[in-house]
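Numbering (UniProt numbering), first residue to last: 1 to 610.
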């Protein structure tokens, strides 16, 4: 008997009264009911969104959404968000994760694992590394992301990781996020029509997340049915498709997205309204920094949900057959359901906060080694060998408003600092000068190879570039444009591995020259070198795999006839879970009929009831 599986389980909806682990059907909603849910949710969202955005604006210099809010309201929000003040801010170590890994390794059946990533190449790259390690353990791994990264995913993983196009244009997303941190639309975008374009893209991506779960490979037509999902937050469809299909969801990200008192949300800056000015300023109602930090996450969640509620609810109702979520049930659902989370940065850079519970792990950075087969072109090799190690400057996927002006600033600053430079054009379109003894214009070169040959790195502060710079022990000069880039600049500076970040719109020849000089100082070089030693000793990818395995509901995922195989079907008469192979064998032997089987649901999510 071959291990040829049954056809991919048909899409099945969950019943409201379903117990964990069994098959079910959700009551179908009529068109009238669905439209009623959506109208009510839309009206609720518009009122709340108008109120919040009237006190919000995007601050270019910090790349954050600034919210002016009454101090008393912060206390109320903290209470409603369930804040309990932590004793201290950071833990001494990630004891819960270390102890769980030290315990007996779980026996994980071979799974179809779907990784969903929305973002830039820097967002995708770490998860190719994770996917390859999972594939080495025998799992079938599909990475759902944007079409632009198809060849990158396939080539970088040596085709160990399958690619699936979920739609969306990463260039348009990056341009939109420069104006709207975290995809939260501000007034300018609402007026300019950017939101309409972004909504269309979001609809495409949401539909793509569902297709990625259940569609066969678009080239080979080999069937695929996801047994588990790993996703980053900007994917947005993650919890909804997991709820519809009844499969485990594991969140993962390169920046903090879970509420904590330790530091604020990377995309939100709270400003408090107080009575009086100067010496007469009344600060009695201002919340503590810890409370303010915690509430920044609640507000980010709230704004994001209100801005996207309409399109997500239509996706839930029209595509997935799920009920619409209200502003209350849709906000912070990942946190309140305690969905497992793995953050892929080094705990040496940012320790795990004490108020993050056992469902949240910090693994270490996920590095994808692209340098093993890389040979530099002769002109680059000659430049590197012809003088002192240059600094590197590049802004990756970020669109630069005025590339010519930016290039002039960069070239003049490195001249004044007396250093040689490698400039990467990237999507930013930098350049504007011919290569010389001191200046070299780069094409596409793997950072993990390149950063071994430079003295310092100047970049936008993307999580991936920051990680590679630190791992190589190189000081980082971070010029943030938007989003979490400011956060990473601050973390690097706090660790002593680089100067204070310089916001892109404040960059000039003078402050960049000073930053280069500080980066190359003995103190900064020593701190960066020490950080590099620690990070190189970590195996973040393996810890990420272990975190994923330990959070799976394995008691509901094993076949009860062949425990080495994943269960995909449920046989109600005997109350047993069956793999596709076991079910096919029993059907062929005449012991059961295919009509008596239901698609197995190994996880349930009560999104509308929290």
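Beta carbons are placed, not taken as given, at the ideal position from N, Cα and C, and that holds for glycine.
Item checked: Straight-line Cα distance separating residue 529 from residue 340 -> To locate residue 340, count along the chain shown from 1; it is residue 340. To locate residue 529, count along the chain shown from 1; it is residue 529. One alpha carbon belongs to residue 340, the other to residue 529, and they sit about 33 Å apart.
Notebook entry, point to check: Which residue from 560, 545, 379 puts its Cα closest to that of residue 344?
Noted result: Position 344 of the chain shown, counted from the start, is the residue given in the question as residue 344. Answer by Cα proximity: 545.
Checklist line | C-alpha distance - residue 129 paired with residue 153, whole-angstrom precision | finding: What you label residue 129 is simply residue 129 of the chain shown in a count that begins at 1. What you label residue 153 is simply residue 153 of the chain shown in a count that begins at 1. The C-alpha of residue 129 lies about 10 Å from the C-alpha of residue 153.
Checklist line | Option in 227, 155, 348, 255 with minimal Cα separation from residue 533 | finding: To locate residue 533, count along the chain shown from 1; it is residue 533. It is 348 whose Cα lies nearest to the Cα of residue 533.
Note to self: Please tell me whether residue 457 and residue 392 are closer than 8 Å, where the distance is taken between their beta carbons.
What the structure shows: The count along the chain shown starts at 1 and reaches residue 457 at position 457. The count along the chain shown starts at 1 and reaches residue 392 at position 392. Against a cut-off of 8 Å, the Cβ pair of residue 392 and residue 457 comes out as a contact.
Checklist line | Buried/exposed call for residue 444, threshold 16 Cβ in 10 Å | finding: Along the chain shown, one-based indexing puts residue 444 at 444. Exposed: under 16 other Cβ atoms inside 10 Å.
Item checked: Burial state of residue 105 (16 or more Cβ within 10 Å) -> Taking the first residue of the chain shown as position 1, residue 105 is located at position 105. With fewer than 16 Cβ atoms within 10 Å of its Cβ, residue 105 is classed as exposed.
Notebook entry, point to check: Do residue 142 and residue 164 have their C-beta atoms within less than 8 Å of each other?
Noted result: To locate residue 142, count along the chain shown from 1; it is residue 142. To locate residue 164, count along the chain shown from 1; it is residue 164. Their beta carbons are under 8 Å apart, which means residue 142 touches residue 164 by this criterion.
Next item on the list: Give the DSSP-derived three-state secondary structure of residue 231 in the structure shown.
Entry: Counted from its first residue, the chain shown places residue 231 at position 231. In the structure shown, residue 231 falls within a strand segment according to DSSP collapsed to helix, strand and coil.
Item checked: Cα-Cα separation, residue 206 to residue 373 -> On the chain shown, position 206 is the one that residue 206 refers to. On the chain shown, position 373 is the one that residue 373 refers to. As the crow flies, the alpha-carbon of residue 206 is around 36 Å from that of residue 373.
Note to self: Considering just the uninterrupted stretch of the beta strand (DSSP E) at residue 456, what are its terminal residues?
What the structure shows: The count along the chain shown starts at 1 and reaches residue 456 at position 456. Its beta strand (DSSP E) spans residues 456 to 459.
Note to self: Assuming contact is defined by CB atoms lying nearer than 8 Å, are residue 253 and residue 232 in contact in what I supplied?
What the structure shows: Working through the chain shown from its first residue, we reach residue 253 at position 253. Working through the chain shown from its first residue, we reach residue 232 at position 232. Going by beta carbons, residue 253 and residue 232 fall inside the 8 Å limit.
Check: What does residue 165 pair with, by DSSP beta-bridge criteria?
Finding: Locating residue 165 in the chain shown gives position 165, where the first residue counts as 1. In the DSSP assignment, the residues bridged to residue 165 are 145.
Notebook entry, point to check: Smallest Cα separation from residue 422: which of 126, 381, 217?
Noted result: Taking the chain shown and counting its residues from 1, one reaches residue 422 at position 422. Answer by Cα proximity: 381.
Margin query: By the three-class DSSP mapping on this structure, what secondary structure does residue 378 have?
Written below: For the purposes of this step, residue 378 is taken as residue 378 along the chain shown, with counting starting at 1. Residue 378: helix per DSSP, three-state reduction.
Next item on the list: Give a yes or no on whether the minimum CB-CB distance between residue 250 and chain D is below 8 Å.
Entry: Annotation note: the requested chain D is absent from the structure, which comprises a single protein chain.
Next item on the list: Taking the CB atoms as reference points, tell me whether residue 603 and residue 264 lie closer together than 8 Å.
Entry: Here residue 603 refers to the residue found at position 603 when the chain shown is read from its first residue. Here residue 264 refers to the residue found at position 264 when the chain shown is read from its first residue. No, they are not a contact pair.
Next item on the list: Helix, strand or coil for residue 249, going by three-state DSSP, please let me know.
Entry: Locating residue 249 in the chain shown gives position 249, where the first residue counts as 1. DSSP places residue 249 in strand when its eight states are reduced to three.
Check: Which whole-angstrom value is the C-beta distance of residue 239 and residue 605, which I expect to be below 8 Å?
Finding: Locating residue 239 in the chain shown gives position 239, where the first residue counts as 1. Locating residue 605 in the chain shown gives position 605, where the first residue counts as 1. So it is a contact: roughly 6 Å between Cβ atoms.
Checklist line | Close-in-space but distant-in-sequence residues of the same chain around residue 49 (CB under 6 Å, 5 per side omitted) | finding: Looking up residue 49 in the chain shown gives position 49. Unreliable placement is indicated for residue 49, whose pLDDT of 47 sits below 50; no coordinate value is reported for it.
Margin query: Going by DSSP, what residue range makes up the alpha helix (DSSP H) through residue 306?
Written below: The residue labelled residue 306 in the question sits at position 306 within the chain shown. In the DSSP assignment, residue 306 falls within the alpha helix (DSSP H) that extends over 289 to 314.
Notebook entry, point to check: Whole alpha helix (DSSP H) runs in the segment 519 to 548 with 4 or more residues, listed along the chain?
Noted result: Note on the segment 519 to 548: whole alpha helix (DSSP H) runs with a minimum of 4 residues are 522 to 536, in chain order.
Item checked: Residues that residue 114 bridges to, as DSSP identifies them -> Taking the chain shown and counting its residues from 1, the one referred to as residue 114 is at position 114. The beta-bridge partner set that DSSP reports for residue 114 consists of 142, 229.
Checklist line | Where residue 335 falls: helix, strand or coil (DSSP) | finding: In the chain shown, counting from the first residue as 1, residue 335 sits at position 335. In the displayed model, residue 335 falls within a helix according to three-state DSSP.
Item checked: Host alpha helix (DSSP H) of residue 133 (start-end) -> Start at 1 with the first residue of the chain shown, and residue 133 comes out as number 133. Annotation for residue 133: the continuous alpha helix (DSSP H) segment containing it runs 121 to 136.
Notebook entry, point to check: Under the DSSP definition of a beta bridge, which residues are partnered with residue 486?
Noted result: Within the chain shown, residue 486 is the residue found at index 486, counting from 1. Answer is none; residue 486 lacks a bridge partner.
Notebook entry, point to check: According to DSSP, which residues form a beta bridge with residue 440?
Noted result: Taking the chain shown and counting its residues from 1, the one referred to as residue 440 is at position 440. Secondary-structure assignment with DSSP links residue 440 through a beta bridge to 422.
Note to self: Across the segment 313 to 331 and the segment 219 to 233, are there enough close Cβ pairs to call them in contact, namely three or more that are closer than 8 Å?
What the structure shows: Contact between the segment 313 to 331 and the segment 219 to 233 is absent: fewer than 3 CB-CB pairs across the two stretches fall below 8 Å.
Check: In the DSSP assignment, what are the bridge partners of residue 598?
Finding: The residue given as residue 598 occupies position 598 in the chain shown. Note: residue 598 sits in a beta bridge opposite 570.
Note to self: With H, G and I counted as helix, E and B as strand and the rest as coil, what does DSSP make of residue 506?
What the structure shows: Numbered from its first residue, the chain shown carries residue 506 at position 506. DSSP places residue 506 in helix when its eight states are reduced to three.
Next item on the list: Would you be able to state if there are at least three C-beta pairs under 8 Å between the segment 112 to 121 and the segment 350 to 361?
Entry: Taking a cut-off of 8 Å for Cβ pairs, the segment 350 to 361 and the segment 112 to 121 do not touch, as fewer than three such pairs fall below it.
Check: Thinking just about the alpha-carbon of each residue, which of 560, 512, 460 is nearest to the one in residue 487?
Finding: Numbered from its first residue, the chain shown carries residue 487 at position 487. The residue with the shortest Cα to Cα distance from residue 487 is 460.
Note to self: Looking at the strands, I want to know which residues DSSP matches up with residue 476.
What the structure shows: Taking the chain shown and counting its residues from 1, the one referred to as residue 476 is at position 476. According to DSSP, residue 476 bridges with 457.
Next item on the list: Going by CA-CA distance only, name the one from 401, 484, 472, 524 that's closest to residue 535.
Entry: As a first step, residue 535 must be located in the chain shown, where it is residue number 535. Closest in C-alpha terms to residue 535, from the list 401, 484, 472, 524, comes 472.
Checklist line | contact_flag[the segment 508 to 527, the segment 464 to 484] where n(CB pairs < 8 Å) is 3 or more | finding: Touching, yes.
Next item on the list: Apply the 10 Å Cβ neighbour rule to residue 288 and answer buried if 16 or more other Cβ atoms are within range, or exposed otherwise.
Entry: Taking the chain shown and counting its residues from 1, the one referred to as residue 288 is at position 288. In the assembly as shown, residue 288 is an exposed residue. Its beta-carbon has fewer than 16 other beta-carbons within 10 Å.
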